[in-house]
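Colleague:
In my numbering, the protein residues as written are 77 to 783.
#1: For a minimum of 3 consecutive residues, which ranges assigned as the beta strand (DSSP E) are wholly contained in the segment 384-468?
#2: Would you say residue 266 lies against chain D (beta-carbon separation less than 8 Å)?
#3: Who pairs with residue 658 in a beta bridge, going by DSSP?
#4: State yes or no: is the C-beta of residue 738 within less than 8 Å of the C-beta of residue 744?
#5: Confirm, please, whether the CB-CB distance from residue 758 to residue 721 is below 8 Å.
#6: Any idea what DSSP makes of residue 556, helix, strand or coil?
#7: Between the segment 522-529 and the segment 431-439, can you find at least three pairs of beta-carbon atoms closer than 8 Å?
#8: Taking C-beta to C-beta, are residue 574 and residue 416 nearer than 8 Å?
#9: Any chance the segment 203-219 sits against the segment 127-142, with 3 or more Cβ pairs inside 8 Å?
#10: Quick one: residues in its chain with C-beta nearer than 7 Å to the C-beta of residue 281, no 5 flanking neighbours on either side, listed in chain order?
#11: Any contact between the segment 353-366 and the segment 331-338? By contact I mean 3 or more CB pairs, one from each, below 8 Å.
#12: Which one or two residues does DSSP pair with residue 111 in a beta bridge?
#13: Per the DSSP calculation, residue 375 is bridged to which residue(s)?
#14: Which same chain residues, not among the five before or five after residue 764, have their C-beta less than 8 Å away from its C-beta?
#15: For residue 112 and residue 148, which I take to be in contact (beta-carbon distance under 8 Å), what is that distance rounded to the nearest angstrom?
#16: For residue 272 versus residue 650, is the C-beta spacing smaller than 8 Å?
#17: What separation, rounded to the nearest whole angstrom, lies between the Cα atoms of residue 643 and residue 636?
#18: Check whether the Cβ atoms of residue 712 and residue 658 sit closer than 8 Å, and answer yes or no.
#19: Determine the DSSP secondary structure at residue 531, reduced to helix, strand or coil.
#20: Quick check: residue 489 and residue 497, are their CB atoms within less than 8 Å of each other?
#21: Indicate the three-state DSSP secondary structure (helix, strand or coil) for residue 540 in the structure shown.
#22: Exposed or buried, what is residue 347 when buried is set at 16 or more other beta-carbons lying within 10 Å of its beta-carbon?
#23: What residues match up with residue 696 in a beta bridge as DSSP calls it?
#24: DSSP three-state label for residue 770, please.
#25: Would you list the residues sitting across from residue 651 in a DSSP beta bridge?
#26: Just tell me which of 699, 747, 327 has its CA closest to the CA of residue 356.
#27: Could you have a look at residue 129 and say whether DSSP puts it in helix, strand or coil?
#28: DSSP has residue 485 in a bridge; who is on the other side?
#29: Could you have a look at residue 490 and say whether DSSP puts it in helix, strand or coil?
#30: Hey, residue 470 and residue 508 are a contact pair by Cβ (cut 8 Å); roughly how many whole angstroms apart?
#31: List the endpoints of the continuous alpha helix (DSSP H) containing residue 154.
#32: When the Cα of residue 227 is compared with those of 534, 255, 262, 175, which residue comes out closest?
#33: Per DSSP, what are the beta-bridge partners of residue 382 in this structure?
#34: What does DSSP give as the partner residues of residue 366 in its beta bridges?
#35: If you draw a straight line from the alpha carbon of residue 192 to that of residue 125, how long is it in whole angstroms?
#36: Between which two residues does the alpha helix (DSSP H) carrying residue 216 extend?
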């Protein structure tokens, strides 16, 4: 049975390798190699349509992809159908594609699946018409081929027989919660869940032994990120002992519970538990995961109460790469912003537009007049901004550690929703843990934000529905129906996938314009203008005319006059502070003091202090920013030196800081005047002296001014 389509092939193609055989090798999402081939028997080589199909796949043999791989499956079954039912090419009817689709209608119960088959065959046959070989066919063969192409049935995009997509509130019958509340709860849940996983990652990376092991893995020649991934068989447990020791060492109970939850026996006991484990119990459980010599156990021993720990979601790969469950949560967040699955799949790292103030996401919306869209612009303080920034940095760190892997890919996992959503699913293991009422992860999430409870209840019911036996249900749920495990993979209608979330968002959103948008304000202007039989521009003109009254003119005049008086008063204060100032160079200052005019270092602070001390003996006082003031005459001397510049810059910086923290306006004004006074004085210094003073001010040895 093919897992992608649910259709059983009519035959297994012969593994021959000749000109009538084409094979494809493709690596699945799980990393396994898969091979499919198409072989034409001697009878089929006389059928033009079969030869076109063979040529099509030979052309694309060097470009394998998931799309081509799925097309090969459909084509293989179509060729097998022709071989079984027709002996010669003349017997093939013009509606052969329609007959083939009727024969497989039992396997495909949905119109969308049948549409996929018809589209695949139509694409291949249209490609054949465009090739030069088509013109070399006999006239009857060309007519028959074109008639078959024209006879392919067209299945409409939506029919009355096809059920509509379910929203979140419609997934579980009997769970009646408003879609708006569910969307809000989902957003809060994803945010806090991702924050906890981020904390776990940082705790592990903070350990030197773990980070050293990770660096060693990334330096391996031709290293791929898969080298750092956990392997159930043949894993080197000695390397993972560093991660295990880091978990034991930390006091975070959620990460201890997380690694223990990978053990099936511990998971079953936690599901059936009705108490919250304490730190001592978790440490005791961790000790049961090791042998007597301290090495990690690879299997459990229920008879002796022994456990084991796996690192499938806590390996070295996921220390610098996102987990599948993290991508699932991020896809849910995008779906809540009305980014559908097709738009999510084509996103690249470069499509995440992050600025110091906002973050937005560019994506494509197919079957729309505006194909390229942008998501909501989230401000810096929003949780969406922080989520996108963290995930983007995580993906860039992955590329930096393992540069041989593909760059600019936003998702590491193409389709995480292919796995069924039940307790045994590895991708949803941590989500299962978050739903258990007596787990530390669940308690922390609902304590952080009680609004997460409605979505957790919905997720619990969905997981219970996908789990076969009621004793394995996360919580007792009488409404949950028992589903056989063979039916779980086929049932995708009740998954929490982006389609259900976007459907809920479409239900919540209405066509009315928010009242605070510019468009709404503009529309209101038009409505108001129409109600008074005036245009918008007329109302604007009337408003301006009515504002030019004598009273309003007098008020504006008095306000402007008061502002001008304040500005003039401040300017006079500044001029008074600058009056009587005299700028002297070091040579002129030494002559003024009667010193010999020998060598004098301009940036030497101790020599500058000696110069100031000599001036103070002559009756001058030194201000905090290097100005010499004589009290008797009011004379001011400013020494043109880099040290003076540094003193001024230091005092100006202190004034600006103190002005911001001032208790009253008068104090802030006085400090601002001093800062402006220093700015004016600095204009008298040349650029070289300003540069030397600036460097001296930034040096660690230079003292910082305090006010």
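Positions of the beta carbon are idealized from the N, C-alpha and C atoms, including for glycine.
Modeller: Reading off the structure:
#1: 428-430, 434-440, 448-450
#2: The structure shown contains no chain D, having only a single protein chain.
#3: Stepping through the chain shown from its first residue, residue 658 is reached at position 582. According to DSSP, which records beta bridges pairwise, residue 658 is partnered with 713.
#4: Here residue 738 refers to the residue found at position 662 when the chain shown is read from its first residue. Here residue 744 refers to the residue found at position 668 when the chain shown is read from its first residue. It is a contact, given that the beta carbons lie within the stated cut-off.
#5: Against the chain shown, residue 721 aligns to sequence position 645. Against the chain shown, residue 758 aligns to sequence position 682. Result yes, Cβ atoms of residue 721 and residue 758 sit closer than 8 Å.
#6: Position 480 of the chain shown holds residue 556. Bear in mind that the predicted position of residue 556 carries a pLDDT of just 45, short of 50, making it unreliable; the figure below should be weighed with that in mind. Residue 556 sits in coil when the DSSP states are folded into three classes, being neither helix nor strand.
#7: no
#8: In the chain shown, counting from the first residue as 1, residue 574 sits at position 498. In the chain shown, counting from the first residue as 1, residue 416 sits at position 340. Contact: yes.
#9: yes
#10: Within the chain shown, numbered from 1, the residue matching residue 281 stands at position 205. Excluding residues within five positions, the ones whose Cβ falls inside 7 Å are 287, 395.
#11: yes
#12: Position 35 of the chain shown, counted from the first residue, corresponds to residue 111. According to DSSP, residue pairing for residue 111 in a beta bridge involves 101.
#13: As a first step, residue 375 is located in the chain shown; it is residue number 299 there, counting from the start. Residue 375 is not bridged to any residue.
#14: Here residue 764 is taken as the residue at index 688 of the chain shown, counted from 1. Closer than 8 Å at Cβ, skipping near neighbours: no residue.
#15: On the chain shown, residue 112 is found 36 positions in, with the first residue counted as 1. On the chain shown, residue 148 is found 72 positions in, with the first residue counted as 1. Between residue 112 and residue 148 the beta-carbon gap is near 5 Å, inside 8 Å, which marks them as a contact.
#16: Position 196 of the chain shown, counted from the start, is the residue given in the question as residue 272. Position 574 of the chain shown, counted from the start, is the residue given in the question as residue 650. For residue 272 and residue 650, no; Cβs fall outside 8 Å.
#17: Position 567 of the chain shown holds residue 643. Position 560 of the chain shown holds residue 636. Their Cα atoms are separated by approximately 11 Å.
#18: Taking the first residue of the chain shown as 1, we reach residue 712 at position 636. Taking the first residue of the chain shown as 1, we reach residue 658 at position 582. A contact, by the Cβ cut-off of 8 Å.
#19: Within the chain shown, numbered from 1, the residue matching residue 531 stands at position 455. Note: residue 531 maps to helix in three-state DSSP.
#20: Position 413 of the chain shown, counted from the first residue, corresponds to residue 489. Position 421 of the chain shown, counted from the first residue, corresponds to residue 497. Their beta carbons are not under 8 Å apart, which means residue 489 does not touch residue 497 by this criterion.
#21: The sequence position of residue 540 within the chain shown is 464, counting from 1. Looking at residue 540 - three-state DSSP - the assignment turns out to be helix.
#22: Here residue 347 is taken as the residue at index 271 of the chain shown, counted from 1. Counting Cβ neighbours within 10 Å, residue 347 comes out buried, since at least 16 surround it.
#23: As a position in the chain shown, residue 696 is number 620, starting the count at 1. Answer is 706.
#24: Stepping through the chain shown from its first residue, residue 770 is reached at position 694. Of the three classes helix, strand and coil, the one that applies to residue 770 here is helix, per DSSP.
#25: In the chain shown, residue 651 corresponds to position 575, counting from 1. Answer is none; residue 651 lacks a bridge partner.
#26: For the purposes of this step, residue 356 is taken as the residue at position 280 of the chain shown. Taking only the C-alpha atoms, the option nearest residue 356 is 327.
#27: Looking up residue 129 in the chain shown gives position 53. Helix at residue 129.
#28: By one-based count along the chain shown, residue 485 stands at place 409. Residue 485 pairs with 424.
#29: Here residue 490 is taken as the residue at index 414 of the chain shown, counted from 1. Three-state result, residue 490: coil.
#30: Indexing the chain shown from 1 puts residue 470 at position 394. Indexing the chain shown from 1 puts residue 508 at position 432. About 23 Å; that fails the 8 Å criterion.
#31: Within the chain shown, numbered from 1, the residue matching residue 154 stands at position 78. Segment 142-161, the alpha helix (DSSP H) holding residue 154.
#32: Start at 1 with the first residue of the chain shown, and residue 227 comes out as number 151. Checking every option, the nearest Cα to that of residue 227 belongs to 175.
#33: For the purposes of this step, residue 382 is taken as the residue at position 306 of the chain shown. In the DSSP output, where bridge partners are listed per residue, residue 382 has 377.
#34: If you number the chain shown from 1, residue 366 lands on position 290. Bridge partners of residue 366: 372.
#35: Looking up residue 192 in the chain shown gives position 116. Looking up residue 125 in the chain shown gives position 49. Their backbone Cα atoms lie some 19 Å apart in a straight line.
#36: Translated into positions along the chain shown, residue 216 becomes position 140. 215-226 is the extent of the alpha helix (DSSP H) around residue 216.
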